[in-house]
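Remarks on the structure that follows.
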Amino acid sequence: MANVADAAGEPIPTSSVLMAAAKHIEINCMPENVEFLKCKKKDPNPEKCLDKGRQATRCALGLLKDLYQRCKEPMEGYVGCMYYHTNEFDLCRKQQQAFEKACPLE
Amino acid sequence: MTEAVIRNKPGMASVKDMPLLQDGPPPGGFAPVRYARRIPNKGPSAIAIFLGAFGAFSYGMYQVGQGNKIRRALKEEKYAARRAILPVLQAEEDERFVKDWKKYLEYEAEVMKDVPGWKVGENVYNSGRWMPPATGELRPEVW
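Just so you know, the protein sequences line up as chains A and B, in that order. 106 is the number that full-length UniProt numbering gives the last residue of the first sequence; the numbers go up by one with no jumps. 143 is the number that full-length UniProt numbering gives the last residue of the second sequence; the numbers go up by one with no jumps.
Right, here's the structure in full:
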């Protein structure tokens, strides 16, 4: 399960993929995530926050696809390293540097 | 007979005049042997030892603090990553829960359709807040 994308080229949101892209998600999807969390804080009922949840998921999945298209090789290396070391950031510094050089955090 | 041969003194009259053959000190005696204590009294003083120990301890504690700072930064990185992907995971779980909850409400309506005065679904607590369902395990097929 170390490959990023399935047969159609869509990145699969496994834990290693999500943790690898977490810094990008934090920066690029911050508004949607904050809205979803505020909605949840107001009312924890899942049925009330479905639309905001869909926005957050759409943003994150779109970001994953964009990252995968822009820098496929470093992302695959980083995700593979994360999968091998079960999402331990400190053991994957080299691949992290390569990934952030190819797809910078802005 | 061999003693007389070994300890022979030329011109001795009988065996009783043989010279003594003893192991003894060399002529002039042995060299003097020192047996008095001479423990030197130099080296670091008490204050110097105390300051050295205190310095080593404080340097070690400083390094402990630095290491803790680094470890805290690593943990913060991990927690920040988890906070970033939390909405995605929660949203997916919400979708799945809503689907299963609708199916459960239909099942409850079908089971309780002959019971008079039963409002199907949502007859949980009175506080007005939404609570997750507390009947049995949450997802028995997963556990």
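No residue lacks a Cβ here, since even glycine has one placed at the ideal position from N, Cα and C. All of these numbers come straight from a predicted model, not from anything done at the bench.
Three-state secondary structure assigned by DSSP to residue i
i	result
proline 11(A)	strand
alanine 5(A)	strand
glutamate 100(A)	helix
glycine 53(A)	helix
aspartate 66(A)	helix
cysteine 29(A)	coil
isoleucine 70(B)	helix
glutamate 106(A)	coil
proline 32(B)	coil
glutamine 63(B)	helix
lysine 42(A)	helix
glutamate 141(B)	coil
tryptophan 101(B)	helix
threonine 86(A)	coil
glutamine 22(B)	coil
Candidates the options: closest to residue i by CA position
i	options	result
glutamine 95(A)	Met75(A), Asn45(A), Leu105(A) and Met19(A)	Met75(A)
tryptophan 101(B)	Gln97(A), Val34(A), Glu73(A) and Asn45(A)	Asn45(A)
alanine 80(B)	Gly62(A), Ala8(A) and Ile27(A)	Ile27(A)
alanine 5(A)	Leu105(A), Phe36(A), Asp66(A) and Leu50(A)	Asp66(A)
alanine 84(B)	Glu100(A), Cys103(A), Thr86(A) and Leu37(A)	Leu37(A)
valine 15(B)	Gln22(B), Ile6(B) and Asp23(B)	Ile6(B)
valine 34(A)	Gly80(A), Lys48(A), Lys101(A) and Gly53(A)	Gly53(A)
asparagine 3(A)	Gln97(A), Cys81(A) and Lys23(A)	Cys81(A)
isoleucine 25(A)	Glu10(A), Ala56(A), Cys39(A) and Gly9(A)	Ala56(A)
Beta-carbon spacing of residue i, residue j below 8 Å
i	j	result
leucine 64(A)	proline 13(A)	yes
arginine 58(A)	cysteine 103(A)	no
tyrosine 68(A)	phenylalanine 99(A)	no
leucine 18(A)	valine 88(B)	yes
phenylalanine 89(A)	leucine 86(B)	no
Quick one: which residues of the stretch 9–20 of chain A get their C-beta closer than 8 Å to a C-beta of chain B? List them in chain order. Flagged, chain order: Pro13, Leu18 and Met19.
The stretch 15–47 of chain B: positions lying closer than 7 Å to chain A by Cβ: None of the residues of the stretch 15–47 of chain B has a beta carbon lying less than 7 Å from any beta carbon of chain A.
In chain order, what residues of the stretch 32–46 of chain A put their CB closer than 8 Å to some CB of chain B? Correct list: Glu32, Asn33, Phe36, Leu37, Lys40, Asp43, Pro44, Asn45 and Pro46.
Pull out every residue of the stretch 53–64 of chain A whose Cβ sits closer than 9 Å to any Cβ of chain B, in chain order. In summary, the residues of the stretch 53–64 of chain A whose CB is separated from some CB of chain B by less than 9 Å are Gly53, Arg54, Gln55, Ala56, Thr57, Cys59, Ala60 and Leu61, in the order they occur in the chain.
Taking a cut of 9 Å between CB atoms, which residues from the stretch 104–137 of chain B lie near chain A? Residues of the stretch 104–137 of chain B with a Cβ closer than 9 Å to any Cβ of chain A, in chain order: Arg129, Trp130, Met131 and Pro132.
Contact set between the stretch 57–91 of chain B and chain A, restricted to residues whose Cβ is under 9 Å from the partner: Of all residues in the stretch 57–91 of chain B, only Leu74, Glu77, Lys78, Ala80, Ala81, Arg82, Arg83, Ala84, Ile85, Leu86, Pro87, Val88, Leu89, Gln90 and Ala91 place a beta-carbon less than 9 Å from a beta-carbon of chain A.
Identify each residue in the stretch 72–91 of chain A for which the Cβ-Cβ distance to at least one residue of chain B is less than 9 Å, and report them in chain order. From the stretch 72–91 of chain A, only Asn87, Glu88, Phe89 and Asp90 have a Cβ closer than 9 Å to chain B.
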